[in-house]
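2 protein chains.
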Amino acid sequence: MTSGLRFDHAVLPNGLTVIGEHNPRAVTTAVGYMVRAGARDETPDVSGVSHFLEHMCFKGNERYSADDINRVFDELGADYNAYTSEERTVYYGAVTADKGGRLLELLTELLEPSLRQDDFEMEKKVILEEIAMYQDRPAQRLFESANQRYWNGHPLGNSVLGSVESITALTRDAMQVYFDRRYAPSNVLLVLAGNYDWDAMLAQAERRTASWRDYQVVRERPAARPARGYEELVDPKLTRQHVALYAPGVPVESPQRFVPVVLANAIGDSSGSRLYWELVDKGLSDNAWLAHESGEGEGAFVGYLSVAPAKAEEVLERYQQVLARAQDEGLTPEEWRRAQRKIATGLTFRAETPLGRLMSFGTAYQTLGVYESVADVVAAVLSTPLEAGLELLRRRPFDDAYVLALGPG
Amino acid sequence: MTSGLRFDHAVLPNGLTVIGEHNPRAVTTAVGYMVRAGARDETPDVSGVSHFLEHMCFKGNERYSADDINRVFDELGADYNAYTSEERTVYYGAVTADKGGRLLELLTELLEPSLRQDDFEMEKKVILEEIAMYQDRPAQRLFESANQRYWNGHPLGNSVLGSVESITALTRDAMQVYFDRRYAPSNVLLVLAGNYDWDAMLAQAERRTASWRDYQVVRERPAARPARGYEELVDPKLTRQHVALYAPGVPVESPQRFVPVVLANAIGDSSGSRLYWELVDKGLSDNAWLAHESGEGEGAFVGYLSVAPAKAEEVLERYQQVLARAQDEGLTPEEWRRAQRKIATGLTFRAETPLGRLMSFGTAYQTLGVYESVADVVAAVLSTPLEAGLELLRRRPFDDAYVLALGPG
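Protein chains in written order, with my numbering: chain Z, 518 to 926; chain R, 518 to 926.
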């Protein structure tokens, strides 16, 4: 699958890093701008600004109206979108290989938004609608609260969407200030994947972003003091009990970063894991899983359980017993091997398309500063030793779990 | 993208049809069994049996336990799953090309389930949990009701999941009867996509399914008498108003089948459509769309609107005005062209992986009996004339709409 792949890399005079994974077999080209600006970079008074700004970048500038942007993406036959997370904001698309240059052109326009006042007011309503929509989605409400409470003041607990209050109070000028302090070329990564002409794309990127001036961007990385214990939120309107569990994990920069990923998969993958066989396969819960999420400087195990309220106490106890037993007794080599294979499979299939590749090696490069081929990552996962997992379990991370339940009470 | 593709086709002595789209550039192989048995084939007393049976097929037989099946899929590094719809039940997976034969072997085991009594009782709990989970998902509850009410006794209104009552009452023997009447080889399609050895796979399929005996399966296709008008369901626990809209559409066998698809996209695609600009872009609704779904013998436009209860009446009126205006004034050539391109783009990107291709040409072949390459389908979409869309609008399908609202009242 990796035959004939080539890694391309350059830093433009304005500080913008451009990377690419060229695949001569690909029939499409994916292009993405990854901005190292996300919810964790927000102060409370502008909570939600990264995500709101992502929306505003589709509103255009003096050259492109919002309708133009939408129309040109469609004319290019582009599969395109954007997302905002705690760590970053990503604008991306994929087209047939002959249109890569035009896609780069359009995505570059997105990163030069006018942030017009009237667009801002209109889009504010859209964001508020999006926030309102989550009120009917208990699992998302739960994780919004649990994430904030677990991180306990650390910026990784910041809400991506923001609140009704913060969005209502946000001004266009405050967004402009945020943009001017975060979208520096050296804080942005331009990523190409699939079939493209490196020299032509690089020359175009350099010419097109020549006016972008660079400046220094600092990301705060305070120490985390995560919460622990059990809390419960009651909403009589709900019919199910939803439970989130957080426990201390491993930061993304750790040389051990795949250890908690394999561990969480063995314990709590959505199929064929210990939690699956113990809770879901037995019909005790419709959904019970454990995963591991890592950010810059911090990581956490994140788990979820959905259950009938009458059985909630018993099933949550079983869930926690599964974690405790793993700490007490470890995992078998077979379980470890199986989890490794499942993760490798997911990586391999995600790598089938240029857009899938762009997301994988782009985010890894932005965080770690190194290029990782699919083969590299698969090899790293498959060679992660069980002993490292057992060592992590011996530190008993789940004894420090924070659990938040949301149900009808 | 279609260079070097080859269509393979054979009918085995037992009546099983095997088709494939061979792609020498692919590094993976996708294999799927498509059974023409879905919710529409169920009588009310066994409502939900198709989907429950899909789960039971993963429970194994005298050769493979449930754990074996799960384990072997993982050992193969397979990306695999199954789904049940009104029209069919599909078991599928994808692996690197060297493992295609072993994947076929395992999927064939799935179609020879023992349906053990104890597995059946255990899995019944899993299904009931799945049904319970939907109680906290208002949009899914709404569509479950709206679909049933719109189809008004026609089997396309049958619930895929079934109800708590029907699943509780279902017996293992009734499921066996359903299996014995629906899983005839001539009612099943074996589909291959990507890189595979046709002769070897075909020989394996023939040898492995030699004991399957064929019989005739009849699918009922009664005339539909769809409902129209407006109904409202009240649930004081909700915070948003959710609205579903149905209107008469076009069956999948129609030579005009792409006309309503392009039409619905132009009016109500989730981005860049009339509904998008009129409702979502203006912050009046977090979600407003219109699509077209077609089954054997019948089709329908299906729409959705989510809105704050206080604005529900006004925004639903606007939604319906968008539909009425399209009927009154038609669409522009630009809108039509743009919708065509967006659909072609979606088809093209879905075709990037063997598994995506398997789903597309497999379901089309099962329904229409003809092979369609991506290029064929893209060409058919791009050559669908605006005049056909205008003709459909002149028949004023939305005047016969059925609208169901679910909200706090």
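Positions of the beta carbon are idealized from the N, C-alpha and C atoms, including for glycine.
As the structure is a prediction and not an experimental result, all values here were calculated from the model.
Z:Q857 and Z:T884 do not touch by the CB rule: their CB atoms are close to 22 Å apart, not below 8 Å.
Residue-level contact by beta carbon holds for R:G800 and chain Z, with a gap shorter than 7 Å.
Remark: C-beta atoms of R:N578 and R:E640 do not approach each other more closely than 7 Å.
Against chain Z, the CB of R:N587 has a partner CB under 7 Å away; the residue lies at that interface. For R:R523, the secondary structure class from DSSP, reduced to helix, strand or coil, is strand. At least one CB of chain R lies nearer than 7 Å to the CB of Z:G594.
Contact between Z:G549 and Z:V589 is absent: CB atoms are separated by about 17 Å, not below the 8 Å threshold. By the rule that beta-carbons nearer than 7 Å mark a contact, Z:R855 touches chain R. In this structure, the CA atom of Z:Q844 is about 10 Å from the CA atom of Z:Q838. Scanning chain R for C-beta atoms nearer than 9 Å to the C-beta of Z:G789 yields D584, N587, R588, F590 and D591, reported in chain order. Cβ atoms of Z:A861 and R:G594 come within 8 Å of each other, at about 6 Å. For the pair R:E682 and Z:E813, the Cα-to-Cα distance works out to about 50 Å. At a beta-carbon threshold of 8 Å, none of the residues of chain R lie near Z:F775; the nearest stands roughly 17 Å away.
Contact between R:H539 and R:W806 fails: their C-beta atoms lie close to 36 Å from each other, not under 8 Å. Contacts with chain R (Cβ-Cβ distance below 7 Å) from the segment 739–765 of chain Z involve K754, L755, T756 and R757, listed in chain order.
R:D615 is classed as exposed because its beta carbon has fewer than 16 other beta carbons within 10 Å across all chains shown. Within 7 Å of the CB of Z:A825, the CB atoms of chain R belong to A649, in sequence order along the chain.
Against chain R, the CB of Z:K828 has no partner CB under 7 Å away; the residue lies outside that interface. Of the residues Z:Y888, Z:E834 and Z:W794, the one whose Cα lies closest to the Cα of R:D585 is Z:W794. The beta-carbon of Z:F878 is placed no less than 7 Å from the nearest beta-carbon of chain R.
In this structure the segment 523–533 of chain R lies against the segment 687–705 of chain R, because at least three pairs of beta carbons, one per stretch, are closer than 8 Å. Closer than 7 Å to the CB of R:V681 there is not a single CB belonging to chain Z. Per DSSP, reduced to three states, the secondary structure at Z:D596 is strand. Taking the Cα of Z:G816 as reference, the smallest distance to any Cα among Z:E749, Z:A827, Z:A825 and Z:A781 is reached at Z:A781. Inter-residue distance for R:E592 and Z:R605 is about 35 Å (C-alpha atoms, whole angstroms). In this structure the segment 892–899 of chain R does not lie against the segment 759–773 of chain R, because fewer than three pairs of beta carbons, one per stretch, are closer than 8 Å. When R:P826, R:D525, R:S631 and R:R911 are compared, the shortest CA-CA separation from R:L750 is found for R:P826. Taking R:V898 as the centre and dropping the five residues before and after it, the same chain places the C-beta of F775, Q857, I860 and A861 closer than 6 Å to its C-beta, in chain order. Out of R:G537, R:A543 and R:H526, the CA that lies nearest to the CA of Z:A868 is found in R:A543.
With a cutoff of 7 Å on beta-carbon distance, Z:L755 and Z:G924 are scored as near each other. For Z:K642, the chain R residues whose Cβ falls inside 9 Å of its Cβ are K799, G800 and L801, in order along the chain. Listed along chain R are G800, each with a C-beta nearer than 8 Å to that of Z:L645.
The closest CA to that of Z:I648, considering only R:N675, R:D803 and R:A783, is found on R:D803. Boundaries for Z:H759: no alpha helix (DSSP H) harbours it, while the beta strand (DSSP E) harbouring it runs Q758 to P765, taken from the DSSP string. DSSP places Z:L840 in the helix class (H, G or I) of the three-state scheme.
For Z:R542, the chain R residues whose Cβ falls inside 8 Å of its Cβ are R542, in order along the chain.
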